[in-house]
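Shown next, in structure tokens, is the structure this report addresses.
Here it is, written out as structure tokens:
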């Protein structure tokens, strides 16, 4: 899995530790992996052997002790404190993050509505004591978007994939009340590029609608588990096998060339032998 953020929840076996560490990792998994990875790693080490037990017992003073001085790109310690305190409150009230998510799922009947309710509930922590202790939030909406809006919510959908799909070498399959067929592909620049090249969508924006269109195309291949292809497609793009700037030599030796809408033209233009 290399630097994939799913490596972090794979350190744990208890389902509650898995879902808590996974949400922390997914929330911070933006930007370069070599930059966010040390941040997640350091936080989890300070949280001890059970991230779930840590957040259940967390209060404002504990959050300040853990997160004073924390900065990662858009986010500061107060942002992370909301996430951790929100998870702790959810575990105390509902027993699991799955139960919190399923409550929104049943109420809304849609994935978008369920995620919107999920992030809103996690953010429902008293802000005045946090601001007084740690200063103002800065990138809370980026960390936990609420309202959810029209964006693809890539990191939230990635988290759902980890929790719902599987179990296999990547995903955990510990959430049993949400079917894999309902998941949405975690759309990012790599998936968006691969989806365009393979004709899975004609849309170029990274929005919820585009994620729905890509997933609908993948659902034609596997109605019960359409996002099973996400990990492979994303890492195909991330690895440089299909770079953002097309290279005739890459296209010529690509195993996906027969299905690609772009590669054959690039190969012909570059007069490369296949």
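Residue numbers (full-length UniProt numbering): 1 to 274. Note that beta-carbon positions come from the ideal geometry of N, C-alpha and C, so glycine has one too.
Identity of the residues DSSP links to residue i by a beta bridge
| i | result |
| --- | --- |
| residue 60 | For residue 60, which the question treats as bridged, DSSP gives no partner whatsoever. |
| residue 72 | 75 |
Beta-carbon contacts of residue i that lie in its chain and below 6 Å, excluding the five residues immediately before and after
| i | result |
| --- | --- |
| residue 208 | 150 and 152 |
| residue 98 | 175 |
| residue 167 | 173 |
| residue 74 | 139 and 142 |
| residue 305 | For the chain, the structure presents residues 1 to 274; residue 305 sits outside this window and is missing. |
| residue 262 | 197 |
| residue 76 | 138 |
Cβ neighbours of residue i in the same chain (closer than 7 Å, five flanking residues each side left out)
| i | result |
| --- | --- |
| residue 266 | 246, 248 and 251 |
| residue 274 | In this prediction, residue 274 has a pLDDT of 46, which is less than 50 and means its spatial position is unreliable; nothing more can be read from the coordinates. |
| residue 47 | 54 |
| residue 108 | 114 and 117 |
| residue 243 | 250 |
| residue 65 | none |
| residue 212 | 184 |
| residue 217 | 200 and 201 |
| residue 222 | 228 |
Cβ separation of residue i and residue j, assumed to be a contact under 8 Å, to the nearest whole Å
| i | j | result |
| --- | --- | --- |
| residue 5 | residue 25 | 4 Å |
| residue 70 | residue 40 | About 11 Å; that fails the 8 Å criterion. |
| residue 121 | residue 90 | 7 Å |
| residue 187 | residue 206 | 6 Å |
| residue 148 | residue 112 | 6 Å |
| residue 92 | residue 56 | 6 Å |
| residue 214 | residue 201 | 5 Å |
Nearest to residue i (by Cα), restricted to the options the options
| i | options | result |
| --- | --- | --- |
| residue 238 | 196, 210, 212 and 189 | 189 |
| residue 224 | 19, 234, 181 and 60 | 181 |
| residue 162 | 185, 147, 141 and 73 | 185 |
| residue 83 | 28, 94 and 202 | 28 |
| residue 86 | 101, 34 and 45 | 101 |
| residue 119 | 89, 137 and 144 | 144 |
| residue 194 | 13, 231, 93 and 158 | 231 |
| residue 45 | 31, 17 and 59 | 17 |
| residue 53 | 216, 148 and 19 | 19 |
| residue 227 | 72, 183, 32 and 95 | 183 |
| residue 32 | 259, 72, 23 and 64 | 72 |
| residue 22 | 179, 157 and 229 | 157 |
| residue 117 | 253, 96, 128 and 146 | 146 |
| residue 106 | 51, 178, 63 and 42 | 178 |
| residue 13 | 43, 42 and 50 | 50 |
| residue 10 | 217, 214 and 171 | 171 |
| residue 240 | 214, 215 and 191 | 191 |
| residue 59 | 164, 203 and 126 | 126 |
| residue 88 | 217, 270 and 62 | 62 |
| residue 258 | 165, 199, 217 and 110 | 199 |
| residue 154 | 217, 124, 236 and 210 | 210 |
| residue 165 | 96, 123 and 229 | 229 |
Own chain partners of residue i with C-beta closer than 8 Å, once the 5 adjacent residues on each side are dropped
| i | result |
| --- | --- |
| residue 78 | 67, 130, 131, 134, 135, 136, 137, 138 and 140 |
| residue 219 | 181 and 226 |
| residue 254 | 241, 242, 260 and 263 |
| residue 269 | 248 |
| residue 94 | 100 and 103 |
(message) As an exercise, report each continuous alpha helix (DSSP H) stretch of at least 4 residues that is fully enclosed by the stretch 167 to 245, in chain order.
(response) 189 to 197, 208 to 219 and 230 to 238
(request) Entirely within the stretch 133 to 161 and at least 4 residues each: give me those alpha helix (DSSP H) ranges in chain order. (result) Complete alpha helix (DSSP H) runs here, min 4: 140 to 143.
(message) Quick check on the DSSP output: what are the complete alpha helix (DSSP H) runs of length 4 or more inside the stretch 103 to 133, in order along the chain?
(response) 111 to 122
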